[in-house]
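Reading through the structure tokens given below for one structure.
Residue numbers (this note's numbering): 8 to 344.
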């Protein structure tokens, strides 16, 4: 490489090669999580950069997420993602912003830099989609969603794209106007879809065959009693369910045990208290995808997925975007020197 270069991809470039819909991410994550279960990945624990942690919100941080993803088309990379909880209200900006850098593992030279917030949100939605295939009741019809922001929108749009059985969505948000705006958008996606804006979290959660949390809360508020028999909970925003849900659910699944058991999140609190452990965990999600651990085994099981979000998911998704962009001549080529 006498004149090495990188491919820069904006959000518009990513959308142009399929990065705005769920199929790309479901494909990338299926591969990445299977490689995770086979240990054909390298993924250091992600560091959190917090400024004024004592006075800041739990969502005020910048996270570095490096990873190597093996398999037939190996790639290395890092996601650098910043978040401020008050960005939407105070500055009219999205809460999170990100860049993803990809490196060729043969030389370790960078090969791409791309906008990362779209990829980050859509791969998070793909985690719920993949998990629902194995952990939700077959043919489930009703989704309850806590939160109505960008992450909630990506979660619900992806679920609607992947599960034609969904007939009803229950939304709850502290900002009721935001919930109504999302409801109107979702109704446009699928004709005949019923979207109900709940007046409180409990009434929404109690209806969900699948419950997905998309908030920035730092205090759990969903008790086990709210969950209907056979519910699958995708606890995307990590802090929403009470400790008792982890202890009373029939199965608890994570994406990566080491990533989840840190940062004083709920699982880490339970481990420190001596009430939960690696041995009590049912499985990591990749183990279920590869068949080494079972998914749902009966209609009545209440199953909790607690995914911290993995760098391998971002890097695998970004690599799929990169490969499509190269094939379709999308993006802007920039010389390094």
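For each residue, glycine too, the CB sits at the ideal point set by N, CA and C. As the structure is a computational prediction, the values presented were derived from the model and not from experiment.
Taking residue 38 as part of the alpha helix (DSSP H), name the residues at either end of that continuous run. Here residue 38 refers to the residue found at position 31 of the chain shown. Element bounds for residue 38: 29-44.
Can you list the alpha helix (DSSP H) stretches of 4 or more residues lying completely in the stretch 110-172, in chain order? 124-142 and 157-169
What number of angstroms, rounded off, separates the C-alpha of residue 12 from the C-alpha of residue 33? The count along the chain shown starts at 1 and reaches residue 12 at position 5. The count along the chain shown starts at 1 and reaches residue 33 at position 26. The straight-line gap from Cα to Cα measures roughly 29 Å.
Using the Cα positions of residue 336 and residue 48, report the straight-line distance between them to the nearest angstrom. By 1-based counting over the chain shown, the position of residue 336 is 329. By 1-based counting over the chain shown, the position of residue 48 is 41. If I take the Cα positions, the gap works out to 29 Å.
Cβ contact (3+ pairs, closer than 8 Å) linking the stretch 33-45 and the stretch 276-288: no
Scan the stretch 297-337 and note each continuous beta strand (DSSP E) run of 3 residues or more that stays entirely inside, going in chain order. 310-313
Taking DSSP's pairing of strands, which residues face residue 106 in a bridge? As a first step, residue 106 is located in the chain shown; it is residue number 99 there, counting from the start. Residue 106 is bridged to 87 and 122.
On the DSSP letters alone, give me the boundaries of the alpha helix (DSSP H) that residue 176 sits inside. The sequence position of residue 176 within the chain shown is 169, counting from 1. Residue 176 -> not in any alpha helix (DSSP H); beta strand (DSSP E) instead, spanning 175-179.
Considering just the uninterrupted stretch of the beta strand (DSSP E) at residue 12, what are its terminal residues? Position 5 of the chain shown, counting from 1, holds the residue named residue 12. From DSSP, the beta strand (DSSP E) with residue 12 extends over 12-16.
According to DSSP, simplified to helix, strand and coil, what is residue 73? The residue given as residue 73 occupies position 66 in the chain shown. Of the three classes helix, strand and coil, the one that applies to residue 73 here is strand, per DSSP.
Whole-angstrom distance between residue 339 and residue 249, CA atom to CA atom: Stepping through the chain shown from its first residue, residue 249 is reached at position 242. Stepping through the chain shown from its first residue, residue 339 is reached at position 332. Each residue's alpha carbon lies about 47 Å from the other.
For residue 342, the first and last residue of its enclosing beta strand (DSSP E): Taking the chain shown and counting its residues from 1, the one referred to as residue 342 is at position 335. Taken as a continuous stretch (DSSP letters only), the beta strand (DSSP E) holding residue 342 covers 339-342.
Pick from 321, 159, 254 and 220 that is closest to residue 76, judged by C-alpha positions: Taking the first residue of the chain shown as 1, we reach residue 76 at position 69. If we check each option's Cα against that of residue 76, 321 comes out closest.
How long is the line joining the alpha carbons of residue 228 and residue 247, rounded to whole angstroms? Taking the first residue of the chain shown as position 1, residue 228 is located at position 221. Taking the first residue of the chain shown as position 1, residue 247 is located at position 240. Going from the Cα of residue 228 to the Cα of residue 247 covers about 6 Å.
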